[in-house]
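J.: Sending over a structure as structure tokens; questions will come in a sec.
Chains as they are written, first to last, in UniProt numbering: chain A, 1 to 145; chain B, 1 to 145.
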């Protein structure tokens, strides 16, 4: 018998995905700008089912208001090759006046000192996957038992 | 005078963006699947102007073959609020037979043991930004000098 270590990718339920989302400080927002698809990292906060992102008044992500966007967070252990990733999908809006959550504005730009715009993603769908390691034992000829 | 520390976001040139891309082990691929936009982390390798991604034979990213996709890498220091991000945009293809670069297949799925598909992004555009901290001195009344 030989022991073979492999990755196992498990889908995560919505509750667990949401719980993992809450542990992250930075997420990557995928949207479309004038040049095509792009991804930018942002700090964020959560309010109910919304993700709140603070951006500079001149940030080019403003062009994505109204788009369906994806916001991804992950935590990956490169040494042990384990980790998880969660993706929330929804429409990007300007934050309504009732938004209380305050995301750190990051990046924060000096030309716009003290002023920021809050954007929210109304999350319609949240999915996640966890990668764990499993050890499979097999006969030396390589076929499965 | 008061000292105010702020973030400064500098655009990076293509050469520097490419050099930073070479330092990363994991990137986030933004593509569109049957549910809309999504982002998944992948290990990758570089060959000439292409990004090579190894995926499992059943990976749902296969549905993105032919799409214009964005592949983002970053390194963010949450304590000092500095970092950089780089985005490469191009068309996702099956790797041609001439592709030599071998990306770690990550995630690697046990149901497809030993078999992987290599995909390449023919990078058409690469951009980056660096966030650094600057200290601005201002009179106490808050107006700029």
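Using N, Cα and C, we set each Cβ at its ideal position, and we do this for glycine too.
(1) Does residue 48 of chain B come out as helix, strand or coil in the three-state DSSP assignment?
(2) Under 7 angstroms Cβ-Cβ, which residues of chain A neighbour residue 87 of chain B?
(3) Is the CB-CB distance between residue 135 of chain A and residue 50 of chain A below 8 angstroms?
(4) Does chain A have any CB closer than 8 angstroms to the CB of residue 125 of chain B?
(5) Give the interface partners of residue 26 of chain A over in chain D, defined as CB-CB distance under 8 angstroms, in chain order.
(6) With a threshold of 6 angstroms on Cβ separation, who are the neighbours of residue 31 of chain B within its own chain once the five nearest residues in sequence on each side are excluded?
(7) Which bits of chain B does residue 69 of chain A rub up against, with CB to CB less than 8 angstroms?
(8) Should residue 72 of chain B be flagged as near chain A, meaning a C-beta pair shorter than 8 angstroms?
(9) Just list the residues that DSSP pairs residue 73 of chain A with in beta bridges.
(10) Give a yes or no on whether the C-beta atoms belonging to residue 33 of chain B and residue 129 of chain B are separated by under 8 angstroms.
(11) Let me confirm a value: residue 48 of chain B is counted as buried when at least 16 other C-beta atoms fall within 10 Å, else exposed. Which label applies?
(12) Out of B/138, B/71, B/54, point me to the one whose CA is closest to residue 89 of chain B's CA.
(13) Answer with yes or no whether the minimum CB distance from residue 110 of chain B to chain A is below 8 angstroms.
(14) With a Cβ-Cβ cutoff of 8 angstroms, do residue 81 of chain A and residue 133 of chain A count as a contact?
(15) Relative to the C-alpha of residue 14 of chain A, which candidate in A/85, A/2, A/58 has its C-alpha closest?
(16) For residue 59 of chain B, which of helix, strand or coil comes out of DSSP?
(17) If we define contact as Cβ-Cβ less than 8 angstroms, is residue 116 of chain B a contact residue for chain A?
(18) Quick one: what's got a C-beta closer than 6 angstroms to residue 103 of chain B's C-beta in the same chain, skipping five residues either side?
(19) Excluding the 5 residues flanking residue 94 of chain A on each side, which residues of the same chain have their C-beta closer than 8 angstroms to its C-beta?
(20) Once you ignore the five residues that flank residue 25 of chain A on each side, which residues in its own chain have a CB closer than 7 angstroms to its CB?
(21) Could you tell me whether any Cβ in chain B is nearer than 8 angstroms to the Cβ of residue 45 of chain A?
(22) Taking CB distances under 8 angstroms as the criterion, tell me whether residue 64 of chain B reaches chain A.
(23) In the DSSP output, what is residue 116 of chain B paired with across the bridge?
(24) Can you check whether the CB of residue 36 of chain B is closer than 8 angstroms to the CB of residue 73 of chain B?
(25) Residues of chain B with a CB under 7 angstroms from the CB of residue 30 of chain A: which are they?
(26) Give every residue of the same chain whose Cβ lies closer than 7 angstroms to the Cβ of residue 112 of chain B, excluding the five residues on either side of it in the sequence, and list them in chain order.
(27) Apart from the five residues on each side of it in sequence, which residues of its chain come closer than 7 angstroms, Cβ to Cβ, to residue 60 of chain A?
T.: The answer reads as follows:
(1) In the second chain, the residue the question calls residue 48 of chain B occupies position 48. It is coil, neither helix nor strand.
(2) Working through the second chain from its first residue, we reach residue 87 of chain B at position 87. Result: 38, 39.
(3) The residue given as residue 135 of chain A occupies position 135 in the first chain. The residue given as residue 50 of chain A occupies position 50 in the first chain. No, Cβ-Cβ distance for residue 135 of chain A and residue 50 of chain A is not below 8 angstroms.
(4) To locate residue 125 of chain B, count along the second chain from 1; it is residue 125. With 8 angstroms as the cut-off, residue 125 of chain B counts as an interface residue toward chain A.
(5) Any reference to chain D falls outside this structure, whose protein chains are A and B.
(6) Position 31 of the second chain, counted from the first residue, corresponds to residue 31 of chain B. Annotation for residue 31 of chain B: 64, 67, 69 place their beta carbon closer than 6 angstroms to its own, counting only its chain and skipping 5 residues before and after.
(7) Taking the first chain and counting its residues from 1, the one referred to as residue 69 of chain A is at position 69. Going along chain B in sequence order, the residues near residue 69 of chain A (Cβ under 8 angstroms) are 37.
(8) Numbered from its first residue, the second chain carries residue 72 of chain B at position 72. Answer yes: the Cβ-Cβ gap between residue 72 of chain B and chain A drops below 8 angstroms somewhere.
(9) Taking the first chain and counting its residues from 1, one reaches residue 73 of chain A at position 73. Partner(s): A/86.
(10) In the second chain, counting from the first residue as 1, residue 33 of chain B sits at position 33. In the second chain, counting from the first residue as 1, residue 129 of chain B sits at position 129. Their beta carbons are not under 8 angstroms apart, which means residue 33 of chain B does not touch residue 129 of chain B by this criterion.
(11) Here residue 48 of chain B corresponds to residue number 48 of the second chain, with the count starting at 1. So residue 48 of chain B counts as exposed.
(12) Walking along the second chain from the start, residue 89 of chain B turns up at place 89. Comparing Cα-Cα distances from residue 89 of chain B to each of B/138, B/71, B/54, the minimum goes to B/71.
(13) Here residue 110 of chain B corresponds to residue number 110 of the second chain, with the count starting at 1. At residue 110 of chain B, the pLDDT of 46 sits below 50, so the modelled position is not reliable; the number obtained from the coordinates is stated separately. Flagged as an interface residue toward chain A: residue 110 of chain B, by a C-beta distance shorter than 8 angstroms.
(14) One-based indexing of the first chain puts residue 81 of chain A at position 81. One-based indexing of the first chain puts residue 133 of chain A at position 133. Yes, the Cβ-Cβ distance between residue 81 of chain A and residue 133 of chain A is below 8 angstroms.
(15) Walking along the first chain from the start, residue 14 of chain A turns up at place 14. It is A/85 whose Cα lies nearest to the Cα of residue 14 of chain A.
(16) By 1-based counting over the second chain, the position of residue 59 of chain B is 59. In this structure, residue 59 of chain B counts as coil in the three-state DSSP scheme.
(17) Numbered from 1 along the second chain, position 116 holds the residue referred to as residue 116 of chain B. No - not a single Cβ of chain A is within 8 angstroms of the one on residue 116 of chain B.
(18) Position 103 of the second chain, counted from the start, is the residue given in the question as residue 103 of chain B. Excluding sequence neighbours, residue 103 of chain B sits near 43, 44, 45, 52, 53, 54.
(19) Translated into the one-based positions of the first chain, residue 94 of chain A becomes position 94. Hits under 8 angstroms: 65, 117, 118, 119, 120.
(20) By one-based count along the first chain, residue 25 of chain A stands at place 25. If you ignore the 5 residues before and after residue 25 of chain A, its C-beta comes within less than 7 angstroms of the C-beta of 43, all in its own chain and listed in chain order.
(21) In the first chain, counting from the first residue as 1, residue 45 of chain A sits at position 45. Chain B contact via Cβ: absent.
(22) In the second chain, the residue the question calls residue 64 of chain B occupies position 64. No, no contact with chain A.
(23) Position 116 of the second chain, counting from 1, holds the residue named residue 116 of chain B. Answer by DSSP bridge pairing, in chain order: B/56.
(24) Position 73 of the second chain holds residue 73 of chain B. Position 36 of the second chain holds residue 36 of chain B. Against a cut-off of 8 angstroms, the Cβ pair of residue 36 of chain B and residue 73 of chain B comes out as no contact.
(25) Position 30 of the first chain, counted from the start, is the residue given in the question as residue 30 of chain A. Near residue 30 of chain A (Cβ distances below 7 angstroms), the residues of chain B are 30, 37, 39, 70.
(26) What you label residue 112 of chain B is simply residue 112 of the second chain in a count that begins at 1. Any answer about residue 112 of chain B is weak, because its pLDDT of 49 lies below 50 and its placement is not dependable; what the coordinates show is given next. 56, 57, 58, listed in sequence order.
(27) Here the question's residue 60 of chain A lines up with position 60 in the first chain. Excluding positions up to five away in sequence, the list reads 33.
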